[in-house]
Amino acid sequence: MNAKKISLANNIYLILAGLFITSLVASNLIFTKIFYWYPFDINLMGVKLFELSVGILPYPLTFLITDLISEIYGRKKADQVVIAGIFASIFSVGLIFISSQVPAIEGSPIDDTTFNSVFLNAPLALLASMLTYLFAQFIDIRIYHFWKKLTKGKHLWLRNNFSTFTSQFVDTFTIVSLLIVFGILPQDKFLVLIISGFLFKVIVAILDTPLLYLFVWMFRNKFNLKVGEELKLN
Numbered sequence: 002m003n004a005k006k007i008s009l010a011n012n013i014y015l016i017l018a019g020l021f022i023t024s025l026v027a028s029n030l031i032f033t034k035i036f037y038w039y040p041f042d043i044n045l046m047g048v049k050l051f052e053l054s055v056g057i058l059p060y061p062l063t064f065l066i067t068d069l070i071s072e073i074y075g076r077k078k079a080d081q082v083v084i085a086g087i088f089a090s091i092f093s094v095g096l097i098f099i100s101s102q103v104p105a106i107e108g109s110p111i112d113d114t115t116f117n118s119v120f121l122n123a124p125l126a127l128l129a130s131m132l133t134y135l136f137a138q139f140i141d142i143r144i145y146h147f148w149k150k151l152t153k154g155k156h157l158w159l160r161n162n163f164s165t166f167t168s169q170f171v172d173t174f175t176i177v178s179l180l181i182v183f184g185i186l187p188q189d190k191f192l193v194l195i196i197s198g199f200l201f202k203v204i205v206a207i208l209d210t211p212l213l214y215l216f217v218w219m220f221r222n223k224f225n226l227k228v229g230e231e232l233k234l235n
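Spelled out as C-alpha cells, the structure:
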C-alpha cells in the first residue's frame with residue numbers, strides 16, 4: 002500500500018475515532034432524559050415497554066464503529082479507540098465539575114440550579130455508565146475477533162450480531178443493576194428496563210448490519226483487501 006493510501010486510511014481511522022468519542026460523551030451527558038418509542042405500543046407489567054433514556058440513541062453507533070474498526074484495522078486499533086473514549090469521558094466529567102464550581106452571574110441565561118440539575122443530577126449513574134461501557138466494549142471486540150478467527154474472516158453478519166448481542170446484553174443488565182443498587186432507578190422496573198433496553202439495541206444492531214456490509218465492502222474495494230485481511234497502520 003502506497004503512502005497516499007496509508008495517509009487516507011489513517012485519516013478515516015481518526016474520523017471514526019472522533020465519531021465514536023463524540024457519541025460516547027454525548028450519550029453520557031444526555032442520558033437523564035427519558036423518551037417513549039411510539040411505533041411500539043406495548044405494556045409489560047403495567048409499564049410502557051419502550052420507555053428509554055435518550056442516551057441509548059447514540060450508543061449503538063459506538064458498537065457499529067468498533068466492529069468496523071475491528072474488521073478493517075484490527076483488535077489493537079479498536080482497543081485504542083475504546084480507551085481513548087474512556088479518557089474523553091473522564092475529561093468531560095472533569096470539565097463539567099469545574100464549570101459547576103464557577104458561580105453564574107445574575108443575568109446568566111442558565112443559573113447554577115438549572116445547570117447542576119442537568120449535568121450533576123446523577124454522578125453515580127454517569128460513573129456506572131462509563132464503567133459498564135468499558136466492560137461491554139472490550140467484550141464486544143474480543144467476541145468479534147473470536148468469531149472472525151473461527152470463521153476465517155467469513156460470515157460478517159455472524160460476528161457482527163453475535164458480538165453486539167452479547168455485549169449489549171451485558172451492558173444493559175449491568176447498567177440497570179448498578180442504577181438500581183445506587184437507588185437511581187426503582188427496583189420494580191428492573192425486568193422492564195432490561196427487556197426494553199436490550200430489545201432496542203438488538204433491533205438497531207440488526208438494522209445496521211447492512212451498513213456494516215456496505216462500509217466493509219467500500220474499505221476492501223478502496224484498499225484492495227481480501228476477506229478477513231486487515232490494514233496495518235503504524
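Count along the sequence shown from 1, then add 1; that gives the number in the numbering used here.
Yeah, the Cβ is synthetic: ideal placement off N, Cα and C, and Gly gets one too.
None of the values given here were measured: they were computed from a predicted structure.
Determine the direct distance from the alpha carbon of S109 to that of H146, and round the result to whole angstroms. 51 Å
For F183, which of A129, F64 and K233 has the nearest alpha-carbon? It is A129.
DSSP state of L50 mapped onto helix, strand, coil: The answer is coil: DSSP assigns L50 none of H, G, I, E or B.
Distance check for L226 and E52, CA to CA, integer angstroms please. 42 Å
Using C-beta distances below 7 Å, list every residue in its chain close to D112, excluding the 5 sequence neighbours before and after it, in chain order. A105
Where do the ends of the alpha helix (DSSP H) carrying Y37 lie? Y37 -> not in any alpha helix (DSSP H); beta strand (DSSP E) instead, spanning I35 to Y37.
Short of 8 Å in beta carbon distance, which residues of its chain neighbour F201, apart from the five on each side in sequence? Order them along the chain. W38, F51, L53 and I57.
Do the region 179-199 and the region 150-164 meet, that is, are 3 or more Cβ pairs less than 8 Å apart? no
Is F139 near D209, with beta carbons less than 9 Å apart? no
Determine the burial state of V228: buried for a count of at least 16 other Cβ atoms within 10 Å of its Cβ, exposed for fewer. exposed
Spatial distance of G75 from N222 (CA atoms): 17 Å
Measure the alpha-carbon distance for Q169 versus F220 and round it to whole angstroms. Each residue's alpha carbon lies about 26 Å from the other.
Could you spell out where the alpha helix (DSSP H) holding Y74 opens and where it closes? Y74 -> no alpha helix (DSSP H), and no H or E assigned at all.
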